[in-house]
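Working notes for the structure below.
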Amino acid sequence: MPIATIEEAIEEIRRGRMVVLMDDKNRENEGDLCMAAEKVTPE
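In this note's numbering, the protein residues as written are 604 to 646.
Here is the structure:
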């Protein structure tokens, strides 16, 4: 999985895409799915 800059991630969210926000590997080492609520549809 490629690592994006913050600016790239924000642009992806603006385009309606989902991004994975990764935690530090020395902490919980997990990811959270994130997308703009206004772009979510029931399908």
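By construction, the Cβ of each residue, glycine as well, lies at the ideal position given by its N, Cα and C atoms.
As the structure is a prediction and not an experimental result, all values here were calculated from the model.
*So the beta strand (DSSP E) M625 belongs to, where does it begin and stop?*
By 1-based counting over the sequence shown, the position of residue 625 is 22. 622-625 is the extent of the beta strand (DSSP E) around M625.
*Under 8 Å by Cβ, that's how I've got M638 and I606 pegged, so tell me the actual separation to the nearest angstrom.*
On the sequence shown, residue 638 is found 35 positions in, with the first residue counted as 1. On the sequence shown, residue 606 is found 3 positions in, with the first residue counted as 1. A Cβ-Cβ distance of about 18 Å is found for the pair M638 and I606, leaving them out of contact under the 8 Å criterion.
*Where D635 and D627 are concerned, what is the direct C-alpha to C-alpha distance, given to the nearest angstrom?*
Against the sequence shown, residue 635 aligns to sequence position 32. Against the sequence shown, residue 627 aligns to sequence position 24. Straight-line Cα distance between these residues: approximately 12 Å.
*asked:* Considering Cα atoms alone, identify which of E611, R618, I609 is closest to A640.
replied: Position 37 of the sequence shown, counted from the first residue, corresponds to residue 640. When each option's Cα is compared against that of A640, the closest is R618.
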